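What follows is a single structure, written as structure tokens, with notes after it.
Listed below in structure tokens is the structure:
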């Protein structure tokens with residue numbers, strides 16, 4: 026158990042729709058990162074938040090956005106869904122270091138299917 | 052191409068045998084980490100080795116790091132059926148605020 030939870034577990038959307046995925050991390054973990062993992066691939070870094078500010082972003086378009094809240098919860102929002110957005114979305118939290126390069130504690134993921 | 056690449060992509064061994072997985076990367080790193088993932092679920096951190104370390108142990112796990120060859124290996128000794136999972140290396144690239152994951156090695160332990 027990592028103490029990181031995600032909701033929902035599974036989600037089915039249609040192309041063009043918008044989706045919000047949620048993550049709750051441990052108390053004191055002020056850095057949260059989001060990853061996209063396509064089937065058979067390794068996780069790809071989307072972005073990270075530290076104390077409610079985005080401070081790192083991977084090679085993802087602006088329709089991927091996020092929020093982090095003071096209560097150690099965060100959201101990943103994806104607009105104008107495309108078929109290729111179908112994947113497992115993982116959030117991971119890190120102790121209060123401002124960096125996601127230390128040990129990360131992953132949630133169980135949200136499986137998103139876009140039809 | 053990926054910063055970290057695991058080899059082999061898939062490995063199948065008998066219970067009790069040792070399993071070795073390798074990871075190669077391209078650029079200078081601050082640390083390298085290994086994670087395990089069971090059946091498309093969340094990743095579990097196994098071990099972190101810093102760039103100034105050469106070897107680390109944790110239970111049945113042994114990790115080595117050779118920064119001159121830009122490679123790392125993960126050894127699991129006396130494997131068990133419960134070790135069946137995908138294993139990923141992740142590199143913390145110098146100057147970047149993120150981990151970069153490889154594509155993973157799928158390990159199957161046969162009883």
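Protein chains in written order, with my numbering: chain A, 26 to 140; chain H, 52 to 162.
Heads up, the beta-carbon is just placed ideally off N, CA and C, and yes, glycines get one too.
Keep in mind the model is a prediction, meaning the values are calculated, not measured.
_I'd like the span of the beta strand (DSSP E) that includes residue 108 of chain H, first residue to last._
106–109
*Specify the secondary structure class of residue 134 of chain H as computed by DSSP and reduced to three states.*
helix
_According to DSSP, residue 72 of chain A sits in a beta bridge with which residue or residues?_
A/59, A/82
_7 angstroms CB neighbourhood of residue 110 of chain H in its chain, flanking five on each side removed_ = none
*asked:* Please identify, using Cβ separations under 8 angstroms, the residues of the segment 39–59 of chain A that lie next to chain H, in order along the chain.
replied: 58
*Looking at C-alpha atoms only, which residue of A/72, A/114, A/86, A/97 is the closest neighbour of residue 105 of chain A?*
A/86
*Can a CB atom of chain A be found closer than 8 angstroms to the CB of residue 52 of chain H?*
The pLDDT assigned to residue 52 of chain H is 43, lower than 50, so where the model puts this residue is not dependable; a value taken from the coordinates is nonetheless given after this. Not an interface residue.
*Select from the segment 88–113 of chain H all residues with a C-beta closer than 8 angstroms to any C-beta belonging to chain A, and list them in chain order.*
91, 92, 93, 94, 95, 96, 99
_Where residue 127 of chain A sits in the DSSP three-state scheme_ = coil
*asked:* Using a Cβ-Cβ distance cut-off of 8 angstroms, determine whether residue 28 of chain A contacts chain B.
replied: Among the chains of the structure shown, chain B does not appear; the protein chains present are A and H.
*Assigned exposure category for residue 31 of chain A - 16 Cβ within 10 Å defines buried*: buried
*Name, please, each residue of chain H whose Cβ falls closer than 9 angstroms to the Cβ of residue 128 of chain A.*
84, 96, 99
*Buried or exposed by the 16-neighbour rule on C-beta atoms within 10 Å, applied to residue 94 of chain A*: exposed
*Have a look at residue 151 of chain H and residue 70 of chain A and give me their C-alpha separation to the nearest angstrom.*
7 angstroms
*Should residue 133 of chain A be flagged as near chain H, meaning a C-beta pair shorter than 8 angstroms?*
yes
*asked:* According to DSSP, is residue 103 of chain A part of a helix, a strand, or is it coil?
replied: strand
*Is any beta-carbon of chain A found at less than 8 angstroms from that of residue 149 of chain H?*
yes
*Anyone know if the C-beta pair for residue 49 of chain A and residue 97 of chain A falls short of 8 angstroms?*
yes
*Which residues in the same chain as residue 46 of chain A place their Cβ atom closer than 6 angstroms to its Cβ, once the five residues preceding and following it in sequence are excluded?*
101, 114, 135
*Quick check: the segment 65–84 of chain A against the segment 62–75 of chain H, are there 3 or more CB pairs under 8 angstroms?*
no
*Identify every residue that forms a DSSP beta bridge with residue 35 of chain A.*
A/136
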